[in-house]
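Undergrad: In terms of this note's numbering, the sequence shown opens at residue 193 and continues consecutively. Positions of the beta carbon are idealized from the N, C-alpha and C atoms, including for glycine.
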Amino acid sequence: MTPGGCRRFCRRLSPLVIAGSLALLVVPTVGGVVANAAPTPRPAHGILAGDTGGGPPPPTPYISPQMQAARRSITWSDMNGYNWANAAVNYVAATNSWMLDNAANADGTYRFRPAALETRKYFARALAKAFAPGATIDPSISFNDLENTGSFYTYANIAQQHGWLRADGAGNFNPDMPVTMSMVHKALVLALAERYPALKAAIKNLNSLHTADGYAFTIPHNFATTLIGMRLYLRYNNNSNESLDVNPYSNMSRAQVAYSLYMAATAYGAPSGTGQNYNVNTVAAQYTAMVLPHLGTKMTQVVQWGIDYVGYPYIWAGEWGLNTPEPSGLGGQPVPGFDCSGLAWWLLRRNDGGVWNVAPPRPYAGYDLPQRTSADMSNTGNRVKFADLRPGDIMFYDWDHNGVVDHMDTYVGAGFSLDSSSGVGGVTFMWTGSGAYADNFTHGRTIVGATP
193 MTPGGCRRFC RRLSPLVIAG SLALLVVPTV GGVVANAAPT PRPAHGILAG DTGGGPPPPT
253 PYISPQMQAA RRSITWSDMN GYNWANAAVN YVAATNSWML DNAANADGTY RFRPAALETR
313 KYFARALAKA FAPGATIDPS ISFNDLENTG SFYTYANIAQ QHGWLRADGA GNFNPDMPVT
373 MSMVHKALVL ALAERYPALK AAIKNLNSLH TADGYAFTIP HNFATTLIGM RLYLRYNNNS
433 NESLDVNPYS NMSRAQVAYS LYMAATAYGA PSGTGQNYNV NTVAAQYTAM VLPHLGTKMT
493 QVVQWGIDYV GYPYIWAGEW GLNTPEPSGL GGQPVPGFDC SGLAWWLLRR NDGGVWNVAP
553 PRPYAGYDLP QRTSADMSNT GNRVKFADLR PGDIMFYDWD HNGVVDHMDT YVGAGFSLDS
613 SSGVGGVTFM WTGSGAYADN FTHGRTIVGA TP
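1) Given W290, which residues of its chain have a CB within under 6 Å of its CB, disregarding the five upstream and five downstream residues?
2) With L540 as the anchor, note down where its alpha helix (DSSP H) starts and where it stops.
3) Tell me, please, which residues DSSP counts as bridged to Y506.
4) Rank G617, D560 and S613 by C-alpha distance to the C-alpha of R637 and give the top, closest one.
5) Name the one or two DSSP bridge partners that L309 has.
6) Taking 8 Å as the threshold (C-beta atoms), are W356 and A327 in contact?
7) Quick check on P517: does DSSP put it in helix, strand or coil?
8) Who are T634's beta bridge partners in DSSP?
9) Per DSSP, which residues does V619 bridge with? Please list them.
10) Look at I639 and G584 and say whether their C-beta atoms are less than 8 Å apart.
11) Which residue wins for smallest C-alpha separation from R582, given the options R564, H486 and V616?
12) Relative to the C-alpha of N443, which candidate in T267, M373, A457 and G625 has its C-alpha closest?
13) Within the continuous alpha helix (DSSP H) that includes V495, where are the two ends?
14) Counting Cβ pairs closer than 8 Å, one from the region 444-452 and one from the region 304-318, do we hit at least three?
15) Buried or exposed for H599, going by 16 or more other Cβ atoms inside 10 Å?
16) Report the option in L540, Q260 and D405 whose CA atom is closest to the CA atom of V495.
17) Opposite E511 in the DSSP bridges: which residues?
18) Can you give me the C-alpha to C-alpha distance between S520 and N439, rounded to a whole angstrom?
19) On the DSSP letters alone, give me the boundaries of the alpha helix (DSSP H) that F415 sits inside.
20) Determine the extent of the alpha helix (DSSP H) in which D568 is found, giving its start and end residues.
21) Assuming contact is defined by CB atoms lying nearer than 8 Å, are S612 and F530 in contact in what I supplied?
22) Could you have a look at F588 and say whether DSSP puts it in helix, strand or coil?
23) Rank M271, M482 and Y451 by C-alpha distance to the C-alpha of P250 and give the top, closest one.
24) Within this structure, are the beta carbons of R303 and S269 separated by less than 8 Å?
25) Relative to the C-alpha of M369, which candidate in I350, P389, D337 and A393 has its C-alpha closest?
26) In whole angstroms, what separates the C-alpha of T474 from that of N571?
27) Applying the criterion that 16 or more other CB atoms from any shown protein chain within 10 Å of the CB defines a buried residue, is P526 buried or exposed?
28) Report the rounded CA-to-CA distance for K396 versus H413, giving the unit in angstroms.
29) What residues in its chain sit with their C-beta under 7 Å from that of N349, if we drop five residues either side in the sequence?
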């Protein structure tokens with residue numbers, strides 16, 4: 193992936209499409225999992241126009257020479273179709289034994305079971321092996337649903353000690369419950385925080401996100417660790433089959449968990465200059481200092497709406513965040529999620545009386561934003577310089593420096609924007625006050641009525 197993000201085409205509404213299609217598209221499922229929905233080819237011009245993902249690509253994981261040499265010769269019997277996860281699976285189950293959970297087949301190959309859902313007991317074992325290999329149990333910890341003599345009790349005990357995975361209010365560890373994306377991010381970010389103490393301050397600040405005049409936002413469960421995990425590239429952005437992309441509440445497959453564990457485990461211990469350590473410390477510093485300015489009633493509502501969708505996936509041409517199917521007039525995307533300009537619609541665009549109706553449940557009406565793509569939005573209305581940005585302005589970028597806008601987000605103040613990029617794979621509060629985003633910024637635009 194290039195810094196310009198994925199180069200696929202995105203939808204744009206036209207009055208003809210709105211008037212002609214009010215039906216809902218029901219996405220087929222297989223065994224309770226959304227089936228693969230092949231993208232419809234998008235023409236570069238006309239009713240459906242092009243857009244891009246934007247944002248820097250994920251860093252290349254650092255694997256020490258010693259680790260590279262340690263990899264055992266293992267052949268997987270069931271990884272066909274999971275090429276995106278091969279490096280991760282090899283690292284967590286061949287170079288290391290953290291997720292080598294199945295005995296060898298008769299022919300000497302191994303099953304990884306990439307599509308199976310990862311359960312809490314297996315994830316606890318992987319966490320303990322990866323991040324606390326020398327830990328011992330705390331005998332004062334017990335669970336109603338795990339015998340103290342059982343093989344998984346030790347790993348659950350260690351996960352409870354560190355706060356990575358905890359028992360519920362009734363004292364149950366729920367060992368056979370699938371892990372969700374937010375569970376995985378929380379565990380891995382907390383594990384990294386033991387090596388990078390600055391992350392602890394960032395987590396604390398995000399969990400009490402507020403404005404300079406003292407307004408405190410309502411923060412979803414696991415919000416801070418979900419956001420930081422996204423910024424640390426812990427989740428794979430599935431460009432080839434977006435029906436498999438996940439949101440914070442989705443159950444995670446073993447392939448997805450392997451990828452997250454791989455990215456977290458290679459994020460520390462890298463020599464200076466490899467990028468990973470710099471990324472962890474930089475992200476920690478950004479969110480430790482995050483305090484939004486006075487926003488006023490309108491932008492406070494917009495930011496709160498955006499908070500609730502942090503961690504939703506980057507979906508090509510996506511502009512829909514509800515669990516109900518997206519109207520077919522908008523394209524019927526396979527799962528809820530957003531591309532860059534689609535997120536701006538979700539945050540700002542008012543109902544059109546046709547297929548675009550999101551308020552309610554969105555608690556505010558929205559504003560005038562008929563254009564769908566970042567390029568079209570950028571060529572309409574006033575132009576705002578970087579220094580003059582106000583919360584509610586939309587920001588535009590030219591990542592490949594060809595003179596055409598290819599990414600955008602919504603400014604919320606203090607150098608942060610609500611952003612959906614293909615690089616981190618979804619919705620974050622992105623630092624845009626300096627660095628790569630600021631360097632590729634072209635101009636902003638004020639959406640009338642969006643600022644206080």
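TA: Answer, in terms of the structure:
1) V284, A318, K321 and A322
2) C532 to L540
3) F530.
4) D560
5) S445
6) no
7) Shown here, P517 sits in coil according to DSSP, grouped into three states, outside any helix or strand.
8) None; T634 has no bridge partner.
9) S612
10) yes
11) H486
12) M373
13) G488 to I499
14) yes
15) buried
16) L540
17) F530
18) 21 Å
19) For F415, the uninterrupted alpha helix (DSSP H) segment begins and ends at F415 to R423.
20) S566 to S570
21) yes
22) Looking at F588 - three-state DSSP - the assignment turns out to be strand.
23) The residue among M271, M482 and Y451 with its C-alpha nearest the C-alpha of P250 is Y451.
24) yes
25) D337
26) 33 Å
27) buried
28) So the alpha carbons of these two residues sit roughly 13 Å apart.
29) I329, D330 and I333
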